[in-house]
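Q: Protein chains in written order, with my numbering: chain A, 494 to 773; chain B, 494 to 773; chain C, 12 to 276; chain D, 12 to 276. Got a structure for you, written out below as structure tokens; questions coming shortly.
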Amino acid sequence: MHLEEAVRRFVKDGQSLSLEGFTHLIPHAAGHEIIRQGRRDLTLYRMTPDLIYDQMIGMGCVRKLVFSWGGNPGVGSLHRFRDAVEQGWPQPLEIREHSHAAMANAYEAGAANLPFAVFRGYLGTDHQKHNPDIRRIACPYTGEELACVPSIRPDVAVIHAQQADREGNVLLWGIVGVQKEAVLAARHAIVTVEEIVDDLDAAPNAMVLPAWTLAAVCEVPNGAHPSYAHGYYKRHNRFYTQWDPVARERDSFRDWMQRYVMDCRDFGETWSRLQEDGHV
Amino acid sequence: MHLEEAVRRFVKDGQSLSLEGFTHLIPHAAGHEIIRQGRRDLTLYRMTPDLIYDQMIGMGCVRKLVFSWGGNPGVGSLHRFRDAVEQGWPQPLEIREHSHAAMANAYEAGAANLPFAVFRGYLGTDHQKHNPDIRRIACPYTGEELACVPSIRPDVAVIHAQQADREGNVLLWGIVGVQKEAVLAARHAIVTVEEIVDDLDAAPNAMVLPAWTLAAVCEVPNGAHPSYAHGYYKRHNRFYTQWDPVARERDSFRDWMQRYVMDCRDFGETWSRLQEDGHV
Amino acid sequence: MSDPARADAQAVSGYSADEMMSVAASRLLDDRTVCFVGIGLPSEAANLARLIHAPNAVLIYESGTIGTRPDVLPLSIGDGELADTARTVVSVPEMFRYWLQGGRIDVGFLGAAQIDRWGNINTTVIGPYDKPRTRLPGAGGAPEIATSSGRVYVILRQSPRAFVEELDFVTSLGGGPRRQGLAVPGAGPQKLITDLGILEPHPETGELTLTALHPGATVEQAKAKTGWALQVADRLTETPVPSAQELEVLRALKKRTAEAHSGDV
Amino acid sequence: MSDPARADAQAVSGYSADEMMSVAASRLLDDRTVCFVGIGLPSEAANLARLIHAPNAVLIYESGTIGTRPDVLPLSIGDGELADTARTVVSVPEMFRYWLQGGRIDVGFLGAAQIDRWGNINTTVIGPYDKPRTRLPGAGGAPEIATSSGRVYVILRQSPRAFVEELDFVTSLGGGPRRQGLAVPGAGPQKLITDLGILEPHPETGELTLTALHPGATVEQAKAKTGWALQVADRLTETPVPSAQELEVLRALKKRTAEAHSGDV
């Protein structure tokens with residue numbers, strides 16, 4: 494399926510979405526498509542919101558963000574995220590903030606079709622004061638108090654992976670993050686892949702997502718850029734550094750988005766323009 | 494480390510043990526060593542107790558069994574288990590009975606260092622009447638009632654795997670069951686392996702148990718027999734069939750154990766005798 | 012496909028009640044169905060379906076094998092053949108958490124030792140729990156397969172000892188009164204396939220009711236082999252006889268299986 | 012190992028306060044320690060230790076990489092280099108459930124934006140939560156690293172803006188009054204390594220107390236750069252200067268890192 498069609502069919506205004514990726518395999522191309530289609534009022538989940546969420550927030554797609562660490566890794570702040578939180582631009586952003594442990598457990602519980610997750614967490618921190626989702630639960634056997642959070646069960650999960658076969662079975666490897674959990678926790682899952690191959694040739698116990706668990710599989714080479722795809726291309730660190738000044742000002746941000754996303758038909762055109770302009 | 498030493502150092506009378514393996518990689522050799530050393534009063538955990546637990550029960554090592562399915566797969570009953578439950582021979586056997594889902598969740602919670610596991614289970618069954626460990630817990634968010642069980646955290650976990658490297662890192666593949674969970678849930682873990690190799694050559698995201706999580710790694714070729722070791726040897730189905738008449742009678746069982754376990758110095762000798770007698 | 016008339020002629024010329032049972036069960040599994048498969052008769056029927064009319068059925072065994080396509084039937088739930096031919100193999104906790112509890116299963120396909128008129132199943136004990144006459148293997152995956160699968164099919168030879176008025180132990184839940192008021196995700200037992208026919212829950216009472224007879228079987232036989240007062244549907248259908256293809260594939264599968272499992276290490 | 016006297020002579024001839032800080036931090040990590048490593052300064056110190064005196068230290072990053080031995084320092088917590096050189100890579104839920112919460116970590120090694128005298132850390136906001144002056148990245152793994160690790164080391168450059176009397180937000184727990192009555196598995200912050208010296212919790216009060224000064228640093232400097240009334244231990248030790256080997260390995264590591272990360276796709 495073409496990514497444009499997948500997003501059009503499965504992503505609607507007002508839904509909750511997880512575009513996951515823990516540094517690795519971040520679904521940038523899919524995020525661009527959601528921006529291009531003008532989706533609004535989204536609730537976004539993500540452990541580590543970075544550039545693609547910064548872009549979605551800055552372009553006004555997002556009403557609420559549930560997250561545990563938001564930054565440009567190794568570079569600094571997410572300026573669009575901060576502008577939304579600090580100045581309400583382009584619109585106020587409701588945030589619900591967790592620790593990584595809480596989010597990881599919440600995805601795990603979502604994949605397991607449980608309404609909540611139990612874990613040892615949030616001892617002595619201020620998160621509970623600002624996040625009513627964080628509660629305590631007593632062990633029925635020992636009386637011990639543990640933390641709990643509601644599970645994450647997004648309307649749509651979007652991930653990027655290395656390969657799919659022609660039936661649409663997906664293989665990913667390397668740092669796999671919470672991607673499997675996000676896919677299995679969601680009602681629908683869209684997967685972009687670097688390459689469609691004849692045979693996945695997966696190792697025993699490799700992470701394979703069977704075709705029947707996925708709503709759409711779309712071939713989008715370089716679709717994780719500037720993140721990386723293990724075995725295909727490295728993380729484009731210079732891009733992350735160069736993003737900082739672009740995102741710092743509203744105008745330069747909007748200009749960039751106009752040229753590289755809004756004025757492009759698809760990610761292929763984005764890629765061509767990035768090449769043309771010497772960015773990749 | 495030699496298996497004899499590993500069992501002597503880490504397995505004591507009165508402890509709780511998990512010898513796990515879901516059809517595949519069942520640690521028979523380690524079970525024999527525990528029998529040979531005359532351990533008593535053990536609490537055994539296992540999702541699928543089969544021949545090796547039958548042997549341990551019949552030899553009087555076991556006080557209590559926590560399990561979810563006990564049988565000789567594809568053949569029939571575990572006669573020593575039944576004799577203990579039905580007739581109290583050689584001693585009464587306390588049983589605590591679960592479903593697979595409950596046991597799998599309890600191991601998972603044990604590995605995660607949680608005191609209990611929450612899952613959707615035991616709806617409308619009689620297990621709760623006979624197993625006080627099974628309780629209900631309400632979701633703090635939705636009020637939904639879910640099942641819970643205490644986590645499994647045995648004193649010692651014993652598993653068999655395909656390979657270890659010279660540092661003692663262990664690799665297993667194929668049907669991996671609850672072995673990783675059992676190892677990480679236990680205070681000490683003993684692993685027997687088919688082979689010690691120079692380099693594990695593990696695929697990305699393969700199941701590797703780092704050396705520092707294990708108390709002992711022992712090279713015991715064929716140590717899963719009559720179970721199988723994927724990539725090494727197949728399940729010895731004929732052995733399972735032939736075990737049925739052996740185990741049916743107390744005398745024939747004791748004779749067998751005497752010849753193939755008690756009178757042997759180690760599993761190597763057991764294997765030689767099995768070969769001698771044309772069993773393997 | 013062979014000519015149906017000719018196939019029927021061949022088939023009628025000789026097949027066993029067990030073969031009819033497996034074939035009838037296999038026909039209930041649609042292509043692309045995701046099926047959680049119990050060992051033994053369910054596994055035989057599910058693989059027969061996969062080899063005949065449901066090539067894209069996804070067979071899942073509780074040992075963690077997903078999308079497996081065994082060439083021979085597994086003797087145990089964790090045979091190497093299941094892993095070798097699987098799309099992927101996951102851990103057992105993941106299997107029960109993400110896949111079964113996760114609501115990914117369309118059909119749970121179970122065997123049983125005893126069943127009652129509501130489809131409740133006993134595989135635990137005959138007699139009192141603390142002093143059993145016969146100690147059975149226990150639950151395995153059944154309690155949660157019975158409730159978390161979209162629907163459940165049970166396959167079991169009919170006999171008064173197996174089809175009983177009252178179970179000594181309910182290992183996994185059926186329909187009927189016991190199910191009332193429980194928040195069960197799945198629809199429960201929808202088909203009970205026997206060597207004599209097929210039982211389905213009555214649309215109003217939920218009681219398992221004879222709705223189809225296999226060729227040659229009679230209502231009287233079915234009643235005689237049922238330990239409760241068996242209800243019979245107003246419209247009783249007859250199961251089509253096994254086709255030549257069905258019998259051929261089933262027999263070849265069982266032959267391959269017997270050969271493979273007679274082997275040594 | 013090079014001759015210590017010669018090494019010292021070389022070293023004194025010139026090293027930065029940041030280098031001293033990394034070296035001092037690296038020395039605290041023993042061989043065979045299992046260390047949960049934060050990105051940035053903790054990662055630099057942990058890898059320096061691994062390259063010098065702790066070759067069997069087990070470095071774990073929250074991205075799921077266990078026993079990783081990166082040749083260059085990762086820029087992000089999930090760089091490919093961490094996966095390529097790891098003993099094994101697990102999912103993030105497994106990392107937080109089985110490995111951190113599982114009690115498998117000896118030392119949690121953290122950075123911070125702000126810290127107070129009890130070792131409580133803020134990486135969330137400066138100013139009111141709902142109207143922050145500065146929105147920081149947030150918690151990441153820190154809240155549970157701080158409580159589930161056997162003990163915690165923190166590395167942070169000393170300044171009045173970072174070492175504050177009161178935190179606007181407690182992102183992760185330290186020792187002292189806040190910890191009272193909480194069933195925390197780990198011992199909490201045991202070392203705070205700065206560019207001026209090392210602070211450790213007072214045995215009785217738990218307050219972070221200056222116990223060591225790096226060569227050239229003074230108590231006055233340390234006090235001036237601390238936003239609370241800094242307590243100083245009765246017996247104040249001096250950190251040994253970086254050895255030639257330490258500086259050489261650290262500089263080579265940083266050089267390799269800079270080269271690797273300046274690269275394009």
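Just so you know, even glycine gets a beta-carbon here, dropped at the ideal spot from N, CA and C.
State the Cα-Cα distance for the pair residue 616 of chain A and residue 622 of chain A, rounded to the nearest angstrom.
A: Rounded to whole angstroms, residue 616 of chain A to residue 622 of chain A spans 12 Å at the Cα level.
Q: Determine the direct distance from the alpha carbon of residue 506 of chain B to that of residue 500 of chain B, and round the result to whole angstroms.
A: Cα to Cα, the separation comes out at about 11 Å.
Q: In chain order, what are the residue ranges of uninterrupted beta strand (DSSP E) at least 3 long that sit wholly in the stretch 608-638 of chain A?
A: List check, beta strand (DSSP E) in window: 609-612 and 628-631.
Q: Is the stretch 105-112 of chain C in contact with the stretch 141-149 of chain C, if contact means three or more CB pairs nearer than 8 Å?
A: No: the two stretches stay apart, fewer than three of their Cβ pairs being nearer than 8 Å.
Q: Compare the C-beta of residue 108 of chain D with all C-beta atoms of chain B and state if any pair is closer than 9 Å.
A: It does; some Cβ of chain B falls within 9 Å.
Q: Should residue 569 of chain B be flagged as near chain A, meaning a C-beta pair shorter than 9 Å?
A: Chain A contact via Cβ: absent.
Q: In three-state terms, what does DSSP make of residue 761 of chain A?
A: If DSSP states are grouped into helix, strand and coil, residue 761 of chain A belongs with the helices.
Q: Quick one: give me the first and last residue of the beta strand (DSSP E) that residue 685 of chain B is part of.
A: It spans 681-690 - the beta strand (DSSP E) in which residue 685 of chain B sits, taken as one unbroken run.
Q: Using a Cβ-Cβ distance cut-off of 9 Å, determine whether residue 125 of chain C contacts chain B.
A: No, residue 125 of chain C lies away from the interface with chain B (no Cβ there is under 9 Å from its Cβ).
Q: May I ask you to check if the CB of residue 529 of chain A is nearer than 8 Å to at least one heavy atom of the ligand MG?
A: This structure does not include the ligand MG; it has no bound ligands of any sort.
Q: Here's the rule I'm using: 16 or more other beta-carbon atoms within 10 Å means buried, otherwise exposed. How should residue 654 of chain B be labelled?
A: Buried: at least 16 other Cβ atoms inside 10 Å.
Q: First and last residue of the alpha helix (DSSP H) that includes residue 84 of chain D?
A: Per DSSP, residue 84 of chain D belongs to no alpha helix (DSSP H) and is neither H nor E.
Q: Keeping to the same chain, check which residues put their C-beta closer than 6 Å to that of residue 79 of chain C; ignore five residues upstream and five downstream.
A: Result list for residue 79 of chain C: 70, 93, 96 and 97, in chain order.
Q: With a Cβ-Cβ cutoff of 9 Å, do residue 166 of chain C and residue 52 of chain C count as a contact?
A: Yes, these two residues count as a Cβ contact at 9 Å.
Q: Between which two residues does the beta strand (DSSP E) harbouring residue 200 of chain C extend?
A: It spans 200-204 - the beta strand (DSSP E) in which residue 200 of chain C sits, taken as one unbroken run.
Q: By DSSP, does residue 498 of chain A sit in helix, in strand, or in coil?
A: Residue 498 of chain A: helix per DSSP, three-state reduction.
Q: Give a yes or no on whether the C-beta atoms belonging to residue 568 of chain A and residue 733 of chain A are separated by under 9 Å.
A: It is a contact, given that the beta carbons lie within the stated cut-off.
Q: I'd like to know whether the C-beta of residue 630 of chain B is nearer than 9 Å to at least one C-beta of chain C.
A: For residue 630 of chain B, the answer is no, since every Cβ of chain C falls outside 9 Å of its Cβ.
Q: I'd like to know if residue 654 of chain A contacts chain F, where contact means its C-beta is closer than 9 Å to some C-beta of that chain.
A: Looking for chain F here will not work: the only protein chains present are A, B, C and D.
Q: Residues of the stretch 79-99 of chain C in Cβ contact with chain B at a cutoff of 7 Å, in chain order, please.
A: Listed by position along the chain: 86, 87, 88, 89, 90, 91 and 94.
Q: Taking residue 162 of chain D as part of the beta strand (DSSP E), name the residues at either end of that continuous run.
A: Residues 162-166.
Q: Taking only beta-carbon atoms, is residue 8 of chain D less than 9 Å away from chain B?
A: Here chain D comprises residues numbered 12 to 276, so residue 8 of chain D is not present and cannot be evaluated.
Q: In chain B, which residues lie less than 9 Å from residue 77 of chain D when you measure between Cβ atoms?
A: The answer, in chain order, is 701 and 703.
Q: So is residue 606 of chain B in contact with chain C if we call contact Cβ pairs under 9 Å?
A: So no, residue 606 of chain B is outside the interface.
Q: Which one or two residues does DSSP pair with residue 119 of chain C in a beta bridge?
A: Answer by DSSP bridge pairing, in chain order: C:47 and C:163.
Q: Quick check on residue 505 of chain B - is its C-beta less than 9 Å from some C-beta in chain C?
A: It does not: the Cβ of residue 505 of chain B has no partner Cβ on chain C nearer than 9 Å.
Q: Using a Cβ-Cβ cut-off of less than 9 Å, give me the residues of the stretch 664-684 of chain A that come near chain D, in sequence order.
A: Here the close residues are 666, 667, 668, 669, 670, 671, 672, 673 and 674.
Q: Do you know how far the Cα of residue 142 of chain D is from the Cα of residue 581 of chain A?
A: Looking at the two C-alpha atoms, the distance is approximately 10 Å.
Q: Thinking C-beta only, is residue 730 of chain A closer than 9 Å to residue 701 of chain A?
A: Against a cut-off of 9 Å, the Cβ pair of residue 730 of chain A and residue 701 of chain A comes out as no contact.
Q: Does any CB atom of chain B fall closer than 9 Å to the CB of residue 259 of chain C?
A: Not one chain B Cβ lies under 9 Å of residue 259 of chain C.
Q: Where does the unbroken alpha helix (DSSP H) through residue 232 of chain C begin, and where does it stop?
A: Start and end: 230-235.
Q: Are there 16 or more other CB atoms within 10 angstroms of the CB of residue 27 of chain D, so buried, or fewer, so exposed?
A: Result: exposed.
Q: Counting C-beta neighbours from all protein chains within 10 Å, is the total for residue 572 of chain B 16 or more, i.e. buried, or is it exposed?
A: So residue 572 of chain B ends up on the buried side.
Q: From which residue to which residue does the alpha helix (DSSP H) around residue 734 of chain B run?
A: Per DSSP, residue 734 of chain B belongs to the alpha helix (DSSP H) from 730-741.
Q: Curious, which full-length alpha helix (DSSP H) runs of at least 4 residues does the stretch 534-578 of chain B contain?
A: Whole alpha helix (DSSP H) segments, 4+ residues: 544-551.
Q: Please name the residues in the stretch 607-626 of chain A whose beta-carbon is closer than 8 Å to at least one beta-carbon of chain D, in chain order.
A: Listed by position, the residues of the stretch 607-626 of chain A near chain D (Cβ gap below 8 Å) are 612, 613, 614, 615, 616, 617, 618, 619, 620, 622 and 623.
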